[in-house]
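Student:
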Amino acid sequence: VNEAKAAIFNSLADTIDEINQKIADGADFDELIATYGVNEDGTASDPGMTTEPYMTSGYEVCSASTAYVPEFVEAAMSIDNVGGVSAPYLSSYGVHIVKYIGDVEGGPIPMTDEQREAKRQSLLTSKQNELYTATLENWMAEADITYTGLTPSIAELEATQTQDTATASTEAEAQTAEETAAPEATEAPAA
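Each residue of the sequence shown is one higher than the one before, counting from 3 in this note's numbering.
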């Protein structure tokens, strides 16, 4: 894996150096994203950074963020000052450089309709699971279950079947012997 990462960085070394030089020269970060943050087909490699609100305010990240790949969180948290940029890093999404746009003000954050619906669904699922578990536990407590013993093993079932077959066979042989040994009363005596 490390060799593959090194190979990717080596293949992009000239481009990374060029971007870093432009950053050092004071180039506009949004223009760098527009120039270098595109796929071969011309689409944005990170659509979030070319649409609002992320284009203006960036991604809200903290060290405990789980919504983003760990490499992104680590790079974002490595920047000390607003306006600073991270070293290039590699994730499953490609090679990136992160800019520290600003701090998020403390206090409540208004929820979007999408966030509100996601939270509603999460709470609903949680409550449904709680109700299911409580109902199941209640049914188990109310159930009158009597255990009559262990379920017989296959070997025990086979032994019982063999014994039943042997008993039935012995009874059939005994009945056949009785029928052939005693003459029927309707037979005439031999002369």
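For glycine and all other residues, C-beta sits at the position ideal for the given N, C-alpha and C. Predicted, not measured: the structure shown is a model, and the values here were computed from it.
I'd like the span of the alpha helix (DSSP H) that includes residue 13, first residue to last.
Tutor: 4 to 13
Student: Does the region 114 to 126 touch the region 87 to 99, meaning 3 or more C-beta pairs lie closer than 8 Å?
Tutor: The answer is no - the region 114 to 126 does not touch the region 87 to 99, with fewer than three Cβ pairs under 8 Å.
Student: Can you give me the start and stop residues for the beta strand (DSSP E) that residue 97 sits inside?
Tutor: 96 to 98
Student: Is it buried or exposed for residue 106, if we count other Cβ within 10 angstroms and need 16 for buried?
Tutor: The Cβ neighbour count for residue 106, taken over all protein chains shown within 10 Å, is under 16; the residue is labelled exposed.
Student: Tell me residue 91's beta-bridge partners as DSSP assigns them.
Tutor: Answer by DSSP bridge pairing, in chain order: 98.
Student: Would you kindly check if the distance between the Cβ of residue 7 and the Cβ of residue 92 is under 8 Å?
Tutor: yes
Student: Since residue 48 and residue 39 should fall inside the 8 Å C-beta cutoff, what is the C-beta to C-beta distance between them, to a whole number of angstroms?
Tutor: 6 Å
Student: What does the alpha-carbon distance come out to for the pair residue 81 and residue 36?
Tutor: 22 Å
Student: From residue 30 to residue 72, what does the alpha carbon distance come to, in whole angstroms?
Tutor: 26 Å
Student: Taking residue 56 as part of the alpha helix (DSSP H), name the residues at either end of that continuous run.
Tutor: Secondary structure note for residue 56: its alpha helix (DSSP H) is the uninterrupted segment 56 to 59.
Student: Can you tell me the Cα-Cα spacing of residue 175 and residue 168, whole angstroms?
Tutor: 11 Å
Student: Taking a contact to mean a Cβ-Cβ separation below 8 Å, would you say residue 69 touches residue 100 in this structure?
Tutor: For residue 69 and residue 100, no; Cβs fall outside 8 Å.
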